[in-house]
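Student: Below: one structure in structure tokens.
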Amino acid sequence: MQDFIKNLARQVLDGVLETLGADLCWLGAYGLKFAMLVWMLWNNRNNFAWNQSKETGQQLGVKAQWLWNEWNTVQEMWDFIKNLARQVLDGVLETLGADLCWLGA
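In short: position in the sequence shown from 1, add 16, done, that's my numbering.
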């Protein structure tokens with residue numbers, strides 16, 4: 017259920033940004049790292065409020081950097097997979113060529 021909510025939120029955000037003609041690229045790497053750090057601070061504050069447990073600033077910085085690196089790696093892999101799938105599909109469509117005419121396209 018949590019993944020469903022995250023995916024739905026991401027789709028809504030993507031739709032809003034597309035409507036506005038914006039992209040997260042304007043944030044750049046530093047902006048995204050800053051956003052990750054702010055999220056870590058907020059999470060730490062909530063953890064202290066609800067569980068009376070908190071991490072040091074250094075721990076949060078290291079954790080935020082690690083999470084950023086992991087997120088960035090996943091994004092790069094996902095971009096690679098999407099590009100590979102696009103190349104394969106383009107190759108298949110090119111190979112089929114005129115055979116797709118029967119579809120009425």
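From the three backbone atoms N, C-alpha and C, an ideal C-beta is built for every residue, glycine too.
Owing to the predicted nature of the structure, the values given are computational and were not obtained by experimental measurement.
Taking the CB atoms as reference points, tell me whether residue 48 and residue 94 lie closer together than 9 Å.
Tutor: no
Student: CB-CB under 7 Å to residue 52, same chain, minus the five flanking residues each way: which ones, in chain order?
Tutor: Contacts found: 80, 83, 84.
Student: Does any heavy atom of the ligand NAD sit closer than 8 Å to the C-beta of residue 86?
Tutor: Questions concerning the ligand NAD fall outside what the structure shown contains, since it holds no ligand whatsoever.
Student: With distances taken from CA atoms, which of 64, 57, 97 is nearest residue 78?
Tutor: 57
Student: For residue 76, which residues from the same chain have a beta carbon less than 8 Å from its beta carbon, with the 5 sequence-adjacent residues on both sides left out?
Tutor: 53, 56, 57, 60
Student: So for residue 71, helix, strand or coil by DSSP?
Tutor: coil
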